[in-house]
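Student: Have a look at this one before I ask anything.
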Amino acid sequence: MKVTAVRAIPILGWLYLAAGLIAALTDRAPANRLLRAIFWIDAFLSIVVHAAQIPSALRASAASGRSPVRTAVLTQIFGLTWWKTQGPKETAA
15 MKVTAVRAIP ILGWLYLAAG LIAALTDRAP ANRLLRAIFW IDAFLSIVVH AAQIPSALRA
75 SAASGRSPVR TAVLTQIFGL TWWKTQGPKE TAA
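In terms of this note's numbering, the sequence shown has 36 at position 22, counting the first letter as 1, and numbering is strictly consecutive.
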């Protein structure tokens with residue numbers, strides 16, 4: 015349950031990005047500077063920082079038998095909340 019709660023944070027971030035993108039495309043972007051700042055901070059963390067974590071995730075999962083593509087995709091989505099919570103004996107589904 016604890017891992018699921020931690021992984022909900024990146025999902026909420028991606029949902030916020032999707033809502034912000036939809037709002038911008040429909041000319042309904044908020045005028046509030048704080049909401050816009052949060053959007054760009056979230057975009058940086060979700061896109062850039064998660065992508066920067068992929069090499070570490072691949073090194074950490076190299077001996078586990080997990081697919082490198084699956085590791086990269088799930089790290090991009092969840093960041094370190096995915097690869098840091100994987101047990102060493104767990105294998106890809």
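Note that CB positions come from ideal geometry on N, CA and C, so glycine has one too.
Is the separation between the beta-carbon of residue 67 and that of residue 88 shorter than 7 Å?
Tutor: Taking the first residue of the sequence shown as 1, we reach residue 67 at position 53. Taking the first residue of the sequence shown as 1, we reach residue 88 at position 74. Taking 7 Å as the Cβ cut-off, residue 67 and residue 88 do not qualify as a contacting pair.
Student: Let me know the secondary structure DSSP gives residue 67 once reduced to three states.
Tutor: For the purposes of this step, residue 67 is identified with residue 53 of the sequence shown, where counting begins at 1. Helix.
Student: With H, G and I counted as helix, E and B as strand and the rest as coil, what does DSSP make of residue 86?
Tutor: On the sequence shown, position 72 is the one that residue 86 refers to. Looking at residue 86 - three-state DSSP - the assignment turns out to be helix.
Student: On the premise that residue 60 lies in contact with residue 28, defined as a C-beta separation below 8 Å, what is that separation, rounded to the nearest angstrom?
Tutor: Locating residue 28 in the sequence shown gives position 14, where the first residue counts as 1. Locating residue 60 in the sequence shown gives position 46, where the first residue counts as 1. At roughly 6 Å, the Cβ-Cβ gap stays under 8 Å, so residue 28 and residue 60 are in contact.
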